[in-house]
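Peer 1: One structure follows; several queries about it will come next.
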Amino acid sequence: PPSARPAHDPAPATAAVLAPADVEREAHAITVAPVALPASAAASLAQAARVDLPPFDRPEPAAPPVERLMALPESARLRYAAQGRAKQLDYWANAELRWQVLAGQRYEARLEVGAFLLGSRVQTSMGSLGPQGLVPQRFADRNRSELSVQFDAEQQRIRFSTQAPEVPLLPGAQDRLSLFVQLSALIGAEPTRYPVGTVLSFQVATQSEAQVWHFRIEPDEWLQLPIGALATVKLVREPLRLGDQKLEIWLARERQYLPARLRLTNANQDWVDLSLRDVEKPSP
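Residue numbers (the working numbering): 1 to 284.
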């Protein structure tokens, strides 16, 4: 098992992202561009997220993109020690996140988590790079079979292979894998712009829905990880709906703000926790 265990061990939880998946339920979604809000707005955001939404056949005006400085991390291969609980079974695993910048115009990201008896799960995200950072075009999640999401910029729609209803695509939309690097690029460009209590909101597409996710910036934490001690910026997405997943992300200040640790907690009390073990950069 990994040498570093969480300093606080919240009620166990499986990442719908990482551990062998239950397909997420279909639901309508609201979409927003990334914004930074003061702490005082967090409560009203949470309340707003509970409000019933209009059907998607009623067109909504598109929100203008929010201007943000971006500092995209260089291509890298990050390896993690993983542990978790799925279906009342504790497990230990290896995980790898590959991030590639292609000719400065496109990107590819791939996350694989493999565990004995549970098999492996692979997520991929690919798209273009623009002034607002990552612009996903396709997301795929493969366990026993593959589920995919298409981002149609021309028609401003998000479409799902699960036959879930398509939803509007607004500027700043991410998938659940590109989101990690988008946060790295956003916070890495202007760390002081996002003090403790700031809330960042994104439209995030998963296997069968797109919802607005709110991330609150927590106090910095020093983590003792397999790779060593790291200063990190912590972000937390708290569940707003029944069945929502809690997501905790620690971005390493000295590692281009790439994820040093990820912890995902499901409503059914399955969980998965990834701790950075080493980072490999491509040869020049």
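Note that beta-carbon positions come from the ideal geometry of N, C-alpha and C, so glycine has one too.
Bridge partners for serine 120 per DSSP, in chain order?
Peer 2: What you label residue 120 is simply residue 120 of the sequence shown in a count that begins at 1. Per DSSP, Gly114.
Peer 1: Is the stretch 216-225 in contact with the stretch 150-161, if contact means three or more CB pairs nearer than 8 Å?
Peer 2: The stretch 216-225 is not in contact with the stretch 150-161.
Peer 1: Rounded to whole angstroms, what's the CA-CA distance from tryptophan 271 to glycine 119? Just pull it up for me.
Peer 2: The residue given as residue 271 occupies position 271 in the sequence shown. The residue given as residue 119 occupies position 119 in the sequence shown. Approximately 16 Å between the Cα atoms of the pair.
Peer 1: Which whole-angstrom value describes the C-beta separation of alanine 267 and leucine 240, a residue pair presumed to lie in contact below a C-beta threshold of 8 Å?
Peer 2: Locating residue 267 in the sequence shown gives position 267, counting from the first residue. Locating residue 240 in the sequence shown gives position 240, counting from the first residue. That pair is no contact at about 12 Å.
Peer 1: In angstroms with no decimal places, state the Cα-to-Cα distance between histidine 28 and valine 181.
Peer 2: For the purposes of this step, residue 28 is taken as residue 28 along the sequence shown, with counting starting at 1. For the purposes of this step, residue 181 is taken as residue 181 along the sequence shown, with counting starting at 1. A caution first: histidine 28 carries a pLDDT of 34, below 50, which makes its placement in the model unreliable, though a value can still be read off. The straight-line gap from Cα to Cα measures roughly 25 Å.
Peer 1: Would you check if the distance between the CB atom of arginine 138 and the CB atom of serine 128 is smaller than 9 Å?
Peer 2: Counted from its first residue, the sequence shown places residue 138 at position 138. Counted from its first residue, the sequence shown places residue 128 at position 128. No; because the gap between Cβ atoms is not below 9 Å, this pair is not in contact.
Peer 1: Ends of the beta strand (DSSP E) at leucine 247?
Peer 2: Position 247 of the sequence shown, counted from the first residue, corresponds to residue 247. Its beta strand (DSSP E) spans residues 246-252.
Peer 1: So if DSSP puts proline 168 in a beta bridge, which residue, or which two residues, is it bridged to?
Peer 2: Residue numbering aside, residue 168 sits at position 168 when the sequence shown is read from its first letter. Per DSSP, Arg157.
Peer 1: At what residues does the alpha helix (DSSP H) containing glycine 133 begin and finish?
Peer 2: Numbered from 1 along the sequence shown, position 133 holds the residue referred to as residue 133. No alpha helix (DSSP H) contains glycine 133, which is instead part of the beta strand (DSSP E) from 133-142.
Peer 1: So which of Ser145, Lys281, Pro168, Ile249 has the shortest CA-CA distance to leucine 264?
Peer 2: Taking the first residue of the sequence shown as position 1, residue 264 is located at position 264. It is Ile249.
Peer 1: Going by DSSP in three states, arginine 176 sits in which element: helix, strand or coil?
Peer 2: Locating residue 176 in the sequence shown gives position 176, counting from the first residue. Of the three classes helix, strand and coil, the one that applies to arginine 176 here is coil, per DSSP.
Peer 1: Find out if the Cβ-Cβ distance for the pair alanine 164, phenylalanine 202 is shorter than 9 Å.
Peer 2: Against the sequence shown, residue 164 aligns to sequence position 164. Against the sequence shown, residue 202 aligns to sequence position 202. Taking 9 Å as the Cβ cut-off, alanine 164 and phenylalanine 202 do not qualify as a contacting pair.
Peer 1: Note down, in chain order, each residue of its chain lying with its Cβ closer than 6 Å to the Cβ of serine 148, except the 5 sequence neighbours on either side.
Peer 2: Locating residue 148 in the sequence shown gives position 148, where the first residue counts as 1. Once the five neighbours on either side are set aside, the close Cβ partners of serine 148 are Ala140, Ser161.
Peer 1: Determine the contact status of leucine 78 and leucine 258, defining contact as a CB-CB distance below 9 Å.
Peer 2: The residue labelled residue 78 in the question sits at position 78 within the sequence shown. The residue labelled residue 258 in the question sits at position 258 within the sequence shown. The answer is yes: Cβ separation under 9 Å.
Peer 1: Kindly indicate which residue of Lys234, Leu262, Asp244 has the alpha-carbon position closest to the one of arginine 253.
Peer 2: Start at 1 with the first residue of the sequence shown, and residue 253 comes out as number 253. It is Lys234.
Peer 1: Based on the DSSP output, what are the partners of methionine 70 in its beta bridges?
Peer 2: Position 70 of the sequence shown, counted from the start, is the residue given in the question as residue 70. BP columns for methionine 70 are empty, so no partner.
Peer 1: Taking only the alpha-carbon atoms, compute the straight-line gap between leucine 209 and glutamate 146 and give it to the nearest angstrom.
Peer 2: The residue given as residue 209 occupies position 209 in the sequence shown. The residue given as residue 146 occupies position 146 in the sequence shown. Leucine is not the amino acid found at residue 209; the sequence shown has glutamate there. Cα to Cα, glutamate 209 sits roughly 15 Å from glutamate 146.
Peer 1: Roughly how many angstroms lie between the CA atoms of proline 131 and alanine 71, to the nearest whole one?
Peer 2: Taking the sequence shown and counting its residues from 1, one reaches residue 131 at position 131. Taking the sequence shown and counting its residues from 1, one reaches residue 71 at position 71. Cα to Cα, proline 131 sits roughly 10 Å from alanine 71.
Peer 1: According to DSSP, is glycine 197 helix, strand or coil?
Peer 2: Within the sequence shown, the letter at position 197 stands for residue 197. DSSP places glycine 197 in coil when its eight states are reduced to three.
Peer 1: Mark aspartate 152 as exposed unless 16 or more other C-beta atoms lie within 10 angstroms of its C-beta, in which case mark it buried.
Peer 2: Within the sequence shown, the letter at position 152 stands for residue 152. Exposed is the call here.
Peer 1: Which residue wins for smallest C-alpha separation from arginine 176, given the options Gln207, Ala185, Ser275?
Peer 2: Here the question's residue 176 lines up with position 176 in the sequence shown. For arginine 176, the nearest C-alpha among the options comes from Gln207.
Peer 1: Can you tell which of Leu274, Leu230, Leu169 has the C-alpha that lies nearest to the C-alpha of glutamate 221?
Peer 2: Walking along the sequence shown from the start, residue 221 turns up at place 221. Nearest of Leu274, Leu230, Leu169 to glutamate 221, Cα basis: Leu230.
Peer 1: Do you know how far the Cα of valine 212 is from the Cα of glutamine 83?
Peer 2: In the sequence shown, counting from the first residue as 1, residue 83 sits at position 83. In the sequence shown, counting from the first residue as 1, residue 212 sits at position 212. Glutamine 83 and valine 212: Cα-Cα distance of roughly 28 Å.
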